[in-house]
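S.K.: Numbering (full-length UniProt numbering), first residue to last: 1 to 671.
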């Protein structure tokens, strides 16, 4: 049996596959102890942990530790003269009209930042050796007084030579054996000192939190008799054993959204769709990503709470527009949706758990696109009266009816998501009309058609069990490692040889590391070079064919760079202008066997033939269809609700829904 458990902000999702049979469960998350929600899902599914051979887990533990500032007490050690690098940051101003603007606070106090006398140049040359006496006699006593749980080390130019960081870490591990130590060259071996320092400090900040979380999780699993493989999802779209995650917790930062994209890609392939715009609308946010030719783009860097993290992540844009996002009126009298959320506790007003503020879910209940008796297949009854009461104040302030206020809130949520889709498509040289929209998450299929109408997309593909696609993606994910290193090299006749040598070194290291983790089998490799014209401030990634590296020539590199430069900037550069390679990004993947087909979870609840829904301020009748009863080739036209266990699909007038041969539901415009 293979099990995927994804902990979201509102619900914890479980998908279990046993001999081709699929079990799907959603239970409320437990934000204070996410592992409790995970094991509640185990119990609700009736699983015996002793029969589970493969368990993959994704959660927001690392992200929440940063956002809520609940990480471990840490110290930061850097080269003498650079103590304030985490506080000076970059000379930019995100909100230029905010008179009270302040830079985001790092996870370490200034008094906990320490310096060590040493210096290495950008070429890796040692010009000021590190002294062991400075470490043992001065630094260690100060660190002991601080009683830190973790230490982040980021020395100048350690991306070029890690020698001094290794010396410092070795001595500290000997003298402070109970403290987690993170070196910048281990988590971000790339140039740009502030980004590297930020990544190292945040990694150290969440490392003890992740370690304690994994300890509790594994302890509970062992007590229950689990003896299978325990893997954690990473932000790069791949899984790794929990043992590897203990050494680099920052890679698990956005594991939930990444798993959703992986699951969406795998399921879309069954319907021969490879160019997608995916959007995962859960309880607290919506995550949008663009997929080209069956591959999601990797971004070399992301941000959490305004702080940069230099680790490869799937290129995902997040907006605060989830099912639990609060609807409110700002000081100027404008209606707003998010970013604050009702979360799992108390949740939307209609959940009947004490929430009184209106949310997007309440708006759907008022509009009629969520039927109170059909939520989670009828397992959870919603309070319609509470949803109406939650909108009463907003409706009064706007001078409209409750239904009109709810409809306006939904339109605003649609607009927020459309803007996120433009960020990953039109603003990056892609026309969204050339893509299939793939919604998932509990709330995604409810808004998909309205979003498609706004952005000009004419085809929507909804997977079975869309509310748990992230959990399915956990099981679909291959074992993946992505590593970036800075290698400055002019684009000349020597560049191909440098690439070949660096790639061969990475291949050997990857084979050894995967072998040590027990991940035997064939490995696939990838290589990306960050390139730019000399004098440019930023570089663009250029994917290279690893099977043709031995025959790669300078002219081939130049042509690939010009091609990508043309796509991004609409020009290939001035003739004769010199270019350079800046950093390399290596990837290794151990692929898993194909997943079995997944069908909609059957439902035994009775449904009326029709319901009433508010469309453009008018009440219209809409057909009700059980998603599990739609077989291949079945079709229906809107207005209609297709209700499943984990989500509901809203098919507006002018759209047709058909169950295709890949078990997905295809929505297409009729005109």
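We treat Cβ as the ideally placed atom computed from N, Cα and C, and that holds for glycine.
Contact check, residue 245 vs residue 232 under 8 Å by CB: the rounded distance?
M.R.: The Cβ separation is near 4 Å, so the contact holds.
S.K.: When we look at the beta-carbon of residue 371 and count the other beta-carbons within 10 Å, is it buried (16 or more) or exposed?
M.R.: Answer is buried; the Cβ neighbour count reaches 16.
S.K.: Give the list of continuous alpha helix (DSSP H) stretches no shorter than 4 residues that lie fully inside the stretch 140–216.
M.R.: Within the stretch 140–216, the complete alpha helix (DSSP H) runs of at least 4 residues are 140–146, 163–175 and 184–187.
S.K.: Can you tell me whether residue 70 is buried or exposed, with buried defined as 16 or more other CB within 10 angstroms of its CB?
M.R.: Exposed, since its Cβ has fewer than 16 Cβ neighbours within 10 Å.
S.K.: If you reduce the DSSP assignment to three classes, tell me which class residue 39 lands in.
M.R.: In this structure, residue 39 counts as helix in the three-state DSSP scheme.
S.K.: With a threshold of 6 Å on Cβ separation, who are the neighbours of residue 185 within its own chain once the five nearest residues in sequence on each side are excluded?
M.R.: Excluding residues within five positions, the ones whose Cβ falls inside 6 Å are 158, 162 and 165.
S.K.: Pick from 78, 478 and 84: whose alpha carbon is nearest that of residue 594?
M.R.: The shortest Cα separation from residue 594 among 78, 478 and 84 belongs to 478.
S.K.: Assuming residue 404 and residue 617 form a contact by the criterion Cβ under 8 Å, report the distance between their Cβ atoms to the nearest whole angstrom.
M.R.: That belief holds up - the Cβ atoms of residue 404 and residue 617 are roughly 6 Å apart, short of 8 Å.
S.K.: With distance defined between alpha-carbon atoms, name the residue in 351, 416 and 20 nearest to residue 339.
M.R.: Cα-wise, what sits closest to residue 339 is 416.
S.K.: Using alpha carbons as the reference points, say which of 506, 104 and 547 lies closest to residue 585.
M.R.: Of the listed residues, the one whose Cα sits closest to residue 585 is 506.
S.K.: Once DSSP output is grouped into helix, strand and coil, what is the label at residue 24?
M.R.: In the structure shown, residue 24 sits in a strand (DSSP, three-state: E or B).
S.K.: Under 8 Å, do residue 357 and residue 326 count as touching if we go by C-beta distance?
M.R.: Cβ atoms of residue 357 and residue 326: closer than 8 Å.
S.K.: Determine the burial state of residue 670: buried for a count of at least 16 other Cβ atoms within 10 Å of its Cβ, exposed for fewer.
M.R.: Residue 670 should be labelled exposed.
S.K.: Taking buried to mean at least 16 other C-beta atoms within 10 Å of its own C-beta, is residue 239 buried or exposed?
M.R.: Classification for residue 239: buried.
S.K.: Please report the Cβ distance between residue 672 and residue 316, rounded to the nearest whole angstrom; I am assuming they are in contact, meaning their Cβ atoms lie under 8 Å.
M.R.: No answer is possible for residue 672: it lies beyond the span of the chain, which begins at 1 and ends at 671.
S.K.: Please state if the CB of residue 597 and the CB of residue 259 are separated by a distance shorter than 8 Å.
M.R.: Cβ distance not < 8 Å, so residue 259 and residue 597 don't count as in contact.
S.K.: Specify whether the stretch 603–613 and the stretch 550–561 touch according to this definition: at least 3 beta carbon pairs, one from each stretch, less than 8 Å apart.
M.R.: Segments in contact, no.
S.K.: Whose CA, out of 75, 225, 154 and 280, lies closest to the CA of residue 191?
M.R.: For residue 191, the nearest C-alpha among the options comes from 154.
S.K.: DSSP puts residue 642 in a beta bridge; with which residues?
M.R.: Residue 642 pairs with 625 and 649.
S.K.: Taking the alpha carbon of residue 465 as the reference point, which residue from 343, 643 and 302 has its own alpha carbon closest?
M.R.: Of the candidates 343, 643 and 302, the one whose C-alpha sits nearest the C-alpha of residue 465 is 643.
S.K.: Pick out the complete beta strand (DSSP E) segments inside the stretch 29–115, 3 residues or longer, and give them in chain order.
M.R.: Runs found: 54–58 and 74–79.
S.K.: Where do the ends of the beta strand (DSSP E) carrying residue 338 lie?
M.R.: Segment 335–341, the beta strand (DSSP E) holding residue 338.
S.K.: Whose C-alpha, out of 234, 96 and 32, is nearest the C-alpha of residue 261?
M.R.: Measuring from the Cα of residue 261, the nearest candidate turns out to be 234.
S.K.: Pairing CB atoms from the stretch 58–73 with CB atoms from the stretch 190–206, are three or more of them under 8 Å?
M.R.: Counting Cβ pairs under 8 Å, three or more are found: they touch.
S.K.: Please name the residue, chosen from 78, 378 and 138, that lies closest to residue 120 on a Cα-to-Cα basis.
M.R.: When only C-alpha atoms are compared, the closest one is 78.
S.K.: By the DSSP assignment, the beta strand (DSSP E) with residue 615 in it spans what residues?
M.R.: Looking at the DSSP string, the run of the beta strand (DSSP E) that includes residue 615 is 610–615.
S.K.: Exposed or buried, which one is residue 123 when buried takes at least 16 other CB atoms within 10 Å?
M.R.: With fewer than 16 Cβ atoms within 10 Å of its Cβ, residue 123 is classed as exposed.
S.K.: Return the CA-CA distance between residue 492 and residue 237, expressed in angstroms with no decimal places.
M.R.: Cα to Cα, the separation comes out at about 34 Å.
S.K.: Could you name the residues of the same chain whose beta carbon sits closer than 7 Å to that of residue 626, not counting the 5 residues immediately before and after it, in chain order?
M.R.: Excluding residues within five positions, the ones whose Cβ falls inside 7 Å are 603, 607 and 643.
S.K.: Assuming residue 669 is part of the beta strand (DSSP E), what are its boundary residues?
M.R.: Start and end: 665–669.
S.K.: Is it buried or exposed, residue 35, if we count other Cβ atoms within 10 angstroms and call 16 or more buried?
M.R.: Label assigned to residue 35: buried.
S.K.: With C-beta atoms as the reference, is residue 218 less than 8 Å away from residue 308?
M.R.: The answer is no: Cβ separation not under 8 Å.
S.K.: Can you check whether the C-beta of residue 225 is within less than 8 Å of a C-beta belonging to chain D?
M.R.: In the displayed structure, chain D is absent; only one protein chain is listed.
S.K.: How many Å lie between residue 14 and residue 470 at the Cα?
M.R.: So the alpha carbons of these two residues sit roughly 9 Å apart.
S.K.: For residue 33, count the other beta carbons within 10 Å of its own beta carbon; 16 or more makes it buried, fewer makes it exposed. Which is it?
M.R.: Looking at its Cβ environment, which holds fewer than 16 other Cβ atoms inside 10 Å, residue 33 is exposed.
S.K.: Beta-carbon separation of residue 660 and residue 632 under 8 Å?
M.R.: Taking 8 Å as the Cβ cut-off, residue 660 and residue 632 qualify as a contacting pair.
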